[in-house]
Amino acid sequence: MYEKNINNFIIGNSQKSLKINVLGQFEKIASMLRVPFTPKFSNTSYFEIDSLRVNLYGGDKASDFERFRGSNSALIYVNEATTLHKETLIECLKRLRVGMETIIFDTNPDSPEHFFKTDYIDNKKTYATYNFTTYDNELISKEFIKSQEEIYKDMPTYKARVLLGEWVASYDSIFTNINLTSNHEFKAPIAYLDPAYSIGGDNTAL
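When we follow UniProt numbering, the leftmost residue of the sequence shown carries the number 1, and every step to the right adds one.
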């Protein structure tokens, strides 16, 4: 794992998102363990933790895997896996060819039809899955959780996904702010909405 020709890396939606979501936590861990932690931001972003180099890659585009294609990896960490392109994740697995050959994913739930759910989480023979909920996060106050439960009590999909970490379809999130009356008559379809792709993170559609 410490050899120079081994490409251990962390991949997420973008290098910027990794700096926000991941680097701070690794720095805290290094501080707790009292080991050196040195981030490097230039043409190639990476950090060194106790002299182990870990590269940082973005992976939301189909071509992003070209940055690490052909390399050999012992350890890979995937942040927000559902935001990565499918081909990028496949290429990540191909890189695990030396040493401990370990890959760790984290992600927020999405549609139960999402490829990461069907190809990875449901593949229990190959992957071990751990479900963490909002209630498991000791840094979140009970008051905040209660406010979320109250605000979204009429949106079971939101509660299931965000609070309980469940993979459920977002059908009940669509049109929650639209009231249809008998005065509306739709004579022809105007648009087709696929809940897996059309719904916004702030509960807006279209």
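C-beta: ideal position from N, C-alpha, C; glycine also. Every value quoted in this text rests on a predicted model; they were computed, and no experiment measured them.
- A distance below 7 Å between beta-carbons, with the five flanking residues on each side excluded, links Y152 to the following residues of its chain, in chain order: Y158 and K159.
- F37 is bridged by DSSP to I49.
- Exclusion of the five residues before and after Y46 leaves K40, R53, V54, N55 and L56 as the residues of its chain whose Cβ lies within less than 7 Å of its Cβ.
- A Cβ-Cβ separation of about 6 Å places F68 in contact with F9 under the 8 Å criterion.
- Assignment of beta-bridge partners to Y127 by DSSP yields no partner.
- In this structure L89 does not touch T134 by the C-beta definition: roughly 25 Å separates them, more than the 8 Å allowed.
- In this structure, N131 sits near G165, with a CB-CB distance shorter than 8 Å.
- Sixteen is the threshold: when 16 or more other Cβ atoms of the shown chains lie within 10 Å of the Cβ of D64, as they do, the residue is buried.
- Bridge pairing for T102: L75 [DSSP].
- Your pair N7 and N79 does not check out as a contact, with CB atoms roughly 17 Å apart and the cut at 8 Å.
- Put simply, the backbone Cα of I76 is about 15 Å away from that of E3.
- The beta-bridge partner set that DSSP reports for F9 consists of N55 and I76.
- A buried status is given to E91, since no fewer than 16 other beta-carbon atoms sit within 10 Å of its beta-carbon.
- In this chain, the alpha helix (DSSP H) harbouring K16 covers Q15 to L18.
- Between D106 and A81, the alpha-carbon positions lie close to 6 Å from each other.
- Between N13 and L84, the C-beta spacing is below 8 Å.
- The three-state secondary structure of L96, taken from DSSP, is strand.
- When the alpha-carbon of K16 is set against those of D136, Y120, D50 and D60, the nearest one is in D60.
- If you compare the alpha carbons of K86, L18 and V168 with that of D119, the shortest gap goes to K86.
- Close CB contacts of N21 within its chain, under the 6 Å cut and outside five residues either way in sequence, are with N79 (chain order).
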